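S.K.: Heads up: the sequence lines are chains A and B, in that order. Just add 245 to the spot in the first sequence (first one is 1) and you have my numbering. Just add 245 to the spot in the second sequence (first one is 1) and you have my numbering.
Protein chains: 2
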Amino acid sequence: MISTKGRYALRVMVDLAQRDMDGYVPLDEIANRQGISKKYLEIILKTLVAKKLLKGMRGKNGGYRLTRAPKEYTVGEILELTEGTLASVACLRADAEPCGRRQECSTLPMWVRFDRMVHNFFYGITLADLVEEENGGSMGQEK
Amino acid sequence: MISTKGRYALRVMVDLAQRDMDGYVPLDEIANRQGISKKYLEIILKTLVAKKLLKGMRGKNGGYRLTRAPKEYTVGEILELTEGTLASVACLRADAEPCGRRQECSTLPMWVRFDRMVHNFFYGITLADLVEEENGGSMGQEK
DNA sequence: CCTCTAACCTTGTATTATAATAGGTTTATT
DNA sequence: AATAAACCTATTATAATACAAGGTTAGAGG
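1) Does DSSP put Val376 of chain A in a helix, in a strand, or in coil?
2) Does DSSP put Lys297 of chain A in a helix, in a strand, or in coil?
3) Quick one: which chain A residues come within Cβ less than 7 Å of Arg256 of chain B?
4) Taking C-beta to C-beta, are Met246 of chain B and Ala332 of chain A nearer than 8 Å?
5) Taking the alpha carbon of Leu290 of chain A as the point to measure from, which residue in A:Met266, A:Gly308, A:Ala341 and A:Asp360 has its own alpha carbon closest?
6) Between Ile275 of chain B and chain A, is any beta-carbon pair separated by less than 8 Å?
7) Just by C-beta distance, which residues in the stretch 280-310 of chain B are closer than 8 Å to chain A?
8) For Arg361 of chain B, which three-state DSSP category applies?
9) Where do the N-terminal and C-terminal ends of the alpha helix (DSSP H) with Leu255 of chain A fall, by residue?
10) Residues in the same chain with beta-carbon distance under 6 Å from Arg264 of chain B, minus the five sequence neighbours each way, listed in chain order, please.
11) If the cut is a Cβ gap below 7 Å, which residues of chain A does Arg264 of chain B touch?
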């Protein structure tokens, strides 16, 4: 399950993508609009700033803004960053200790296929897609 | 992330599917073969027995066995049962309290699509598929 | 009938993650 | 100088995960 961390991060990114690029949007405003705890959001945004997905500006007229165009962000990178990993099982995490049952595991091939599918799904969607979708665009080609 | 509960359950089910249908396989044997804590497995198998995916038999020559043919089990039902839900986000769980932001949520449509994809993936694989896969069968049509 | 085996049942517990809250410090702007 | 807002450090309540311990019940075989 994707936790609130990743989901909130995504919603904030879409929120920022919707209010243009010029000017900073203060956390207070985002938190109120999205109905998310201000203090909790602060923690989440700190990560996004650290990883350069957002730029933070202090003082009056300060706030946060995107560092790239919406279509240059994939949902995958945002989730992976905030959730720590997108891996569906522990043994497929990047930091996993090698599993001795790799060769004989009856389920590993399935998990690998699943992981690939998930990765392709999330890395195939950009922030711009989500903004459009909300504006009534029929983003996708269900498959 | 799928926890050990679901992953172990799956591995046990495949294990049982491999040792034919006649006779019961004791937990001790499964736990040793799979390298899983016996006591923890007990808890997991209890659920599977309660939901009639397995039959348990006490006493000498007792153990566990499948109640159906391997191809009559989907991976989806096994995971959903042991994990509690397959939903990728809290607001899509069956027991979720209705979210007031449903209409305006910029990410919900994406989560719905993702959920559908995950559901189709896991409900499209049977125990029999996993057994074959392990025996060198090239189960699938990568897409 | 007695013993053994193995499922079943109840309880406890260490560790970790989640989802925050509280309060102080620094840096821009007016 | 005052104010706004990001930034930083620490704490915490709740829940889930992944077990472990020990006792109870029900079949099978001698």
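Heads up, the beta-carbon is just placed ideally off N, CA and C, and yes, glycines get one too. Keep in mind that this is a model prediction, so the values were computed, not measured.
M.R.: In short:
1) helix
2) DSSP places Lys297 of chain A in coil when its eight states are reduced to three.
3) Ser351 and Thr352
4) yes
5) A:Gly308
6) For Ile275 of chain B, no CB of chain A lies under 8 Å from its own CB, so it is not counted at the interface with that chain.
7) Gly280
8) helix
9) Thr249 to Gln263
10) Val270, listed in sequence order.
11) Near Arg264 of chain B there are no residues of chain A at all, since even the closest Cβ is about 12 Å away, more than 7 Å.
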